[in-house]
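K.L.:
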Amino acid sequence: MKIGILSSGGDCPGINATIRGVGKTAISHYGMEVIGIKDGFQGLLKKDYTPLNAKSLSGLLNLGGTILGTSREKPFKNLLKGEKDDKPQIIIDSYNELGLDCLVCIGGNGTQKTAYRVSQLGLNVIGIPKTIDNDIWGTDITFGFNSAVDIATEAIDRIHSTASSHKRVMVIELMGHKAGWITLYAGMAGGADVILLPELGYNIGKVNEAIINRAQQGKHFSIVAVAEGLEVKGKKGKPAGYLSQLIEKGTGIETRETILGYVQRGGSPSAFDRNLATRLGGHATELIANKHFNRMVSLKSDQITSIPLEEVAGKLKIVTPDHDLITQGKRMGISFGI
Ligand code: F6P
Numbered sequence: 003m004k005i006g007i008l009s010s011g012g013d014c015p016g017i018n019a020t021i022r023g024v025g026k027t028a029i030s031h032y033g034m035e036v037i038g039i040k041d042g043f044q045g046l047l048k049k050d051y052t053p054l055n056a057k058s059l060s061g062l063l064n065l066g067g068t069i070l071g072t073s074r075e076k077p078f079k080n081l082l083k084g085e086k087d088d089k090p091q092i093i094i095d096s097y098n099e100l101g102l103d104c105l106v107c108i109g110g111n112g113t114q115k116t117a118y119r120v121s122q123l124g125l126n127v128i129g130i131p132k133t134i135d136n137d138i139w140g141t142d143i144t145f146g147f148n149s150a151v152d153i154a155t156e157a158i159d160r161i162h163s164t165a166s167s168h169k170r171v172m173v174i175e176l177m178g179h180k181a182g183w184i185t186l187y188a189g190m191a192g193g194a195d196v197i198l199l200p201e202l203g204y205n206i207g208k209v210n211e212a213i214i215n216r217a218q219q220g221k222h223f224s225i226v227a228v229a230e231g232l233e234v235k236g237k238k239g240k241p242a243g244y245l246s247q248l249i250e251k252g253t254g255i256e257t258r259e260t261i262l263g264y265v266q267r268g269g270s271p272s273a274f275d276r277n278l279a280t281r282l283g284g285h286a287t288e289l290i291a292n293k294h295f296n297r298m299v300s301l302k303s304d305q306i307t308s309i310p311l312e313e314v315a316g317k318l319k320i321v322t323p324d325h326d327l328i329t330q331g332k333r334m335g336i337s338f339g340i
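When the count follows the numbering used here, it moves up by one through the sequence shown with no breaks and lands on 340 for the last residue.
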């Protein structure tokens, strides 16, 4: 069999480990041929490919980013708007010219949706869930998330010492798109005093009350972890600066903000993500060998399984208010701003 593999959407730690997991299993266990497609779906449109072999698949396990490159190309965008576009046909032509038996799509929500649409064109597709945001429906955890949480937790640890020295409130904004997973996990692991999630919303009075209460107990600094997707002033995105002003005004305590940004997506994957990526990659190849197509591999209760792409497409996995970390956090006096 001959398979193509691409990475699409925002990069994250563990993509190369996945390419390695798919490629090495495909070549050495199943005797398949593997083609790397450059820059996500753009590679199929521009016919930009590279064969992958034992040599090119070596040294990838701990490497950040993606050796194949990525893009946010959405080949069905125009068609969905009712406009004419030959991109879907170019994808079919490239797939056939390459003689592929399956296309492996490593990506987040957008990529899984596109992968489903590609499968509707009659091509064989397998999705592998990837994103620091952990917001893909149908899998317990996406690779990239654990690494991003480690990075964000270390950042919160570092913010603590400077907050304490200056007796300041420090607002740290973390990634996650519309979901609060990174902020919840890193906020709790980093000992944030206030954790603000898009799924819960916030009340500035409650936020300030929590900070003032701490000051009255002699704790003259506070750490506020806020998810980038929190809606402020009726808008999503970049909440840290705005909240920082409101907190300083409402508490009278000097307040600073930090936006952690892309550092959360960079660098080497954690050991957990390397192993998750390896397992997902291996199982993806097994699905292909068994001709079990148009599914996304997923992690469920520590077992790798798979679900139809049709079930994943267009859905989002967000934090629920009854999440155990929220329950335990509240019992310990951590404010969720509500
Ligand atoms: O999906 C991963 C992510 O890093 C989000 O957390 C963030 O909102 C978004 O990508 C940033 O996108 P871009 O790379 O297009 O700036």
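Just so you know, even glycine gets a beta-carbon here, dropped at the ideal spot from N, CA and C.
1. Using C-beta distances below 8 Å, list every residue in its chain close to S272, excluding the 5 sequence neighbours before and after it, in chain order.
2. With distances taken Cα to Cα, identify the nearest neighbour of T2 among F78, I93, L262.
3. Have a look at D159, S163, Q218, S246 and flag the residue whose alpha-carbon is nearest the alpha-carbon of L198.
4. Who are the near neighbours of T280 in its chain, counting only those whose CB is closer than 7 Å to its CB and skipping five residues on each side?
5. Please classify T329: is it buried, with 16 or more other beta-carbons within 10 angstroms of its beta-carbon, or exposed?
6. Check each candidate in R160, H168, L232 and name the one with the smallest Cα separation from W183.
7. Closer than 7 Å by C-beta to K115: which residues in its own chain qualify, once you throw out the five before and the five after it? Chain order, please.
8. By Cβ distance, which residues of its chain are closer than 7 Å to V321, with the 5 residues on each side in sequence left out?
9. When you measure from the CB of T68 to every non-hydrogen atom of the ligand F6P, does any distance come out below 7 Å?
10. For my contact list, V265 and V228 are in at a C-beta cut-off of 8 Å; report their separation, rounded to the angstrom.
11. Put M298 into one of helix, strand or coil per three-state DSSP.
12. Excluding five sequence neighbours on each side, which residues of the same chain lie with their C-beta closer than 7 Å to the C-beta of A188?
13. By DSSP, does Y51 sit in helix, in strand, or in coil?
14. Would L46 and I92 qualify as a contact pair, given that the criterion is a beta-carbon distance under 8 Å?
15. Roughly how far, in whole angstroms, is the beta-carbon of I213 from the beta-carbon of V234, given that I think they are within contact range, below 8 Å?
16. Counting C-beta neighbours from all protein chains within 10 Å, is the total for D13 16 or more, i.e. buried, or is it exposed?
17. Residues bridged to I306 by DSSP?
18. Distance check for K332 and D326, CA to CA, integer angstroms please.
19. Considering only C-alpha positions, which residue in the set G61, L65, G38, D137 is nearest to Y97?
20. Using a threshold of 8 Å, state whether the C-beta atoms of K132 and G109 are closer than that.
21. Specify, as a first and last residue, the run of the beta strand (DSSP E) that R258 falls within.
P.N.:
Once the coordinates are examined:
1. P15, N148, S149, D152
2. With the chain running from 3 to 340 in the structure shown, residue 2 is simply not present.
3. S246
4. A19, G23
5. exposed
6. L232
7. A315, G316
8. A181, G182, W183, L186, L199, E201
9. no
10. Not really, about 16 Å apart at Cβ, beyond 8 Å.
11. strand
12. V151, A154, T155, I158, L176, A227
13. strand
14. yes
15. With 8 Å as the limit, I213 and V234 do not qualify as a contact, their Cβ atoms being about 17 Å apart.
16. buried
17. L301
18. 10 Å
19. G38
20. yes
21. 257 to 261
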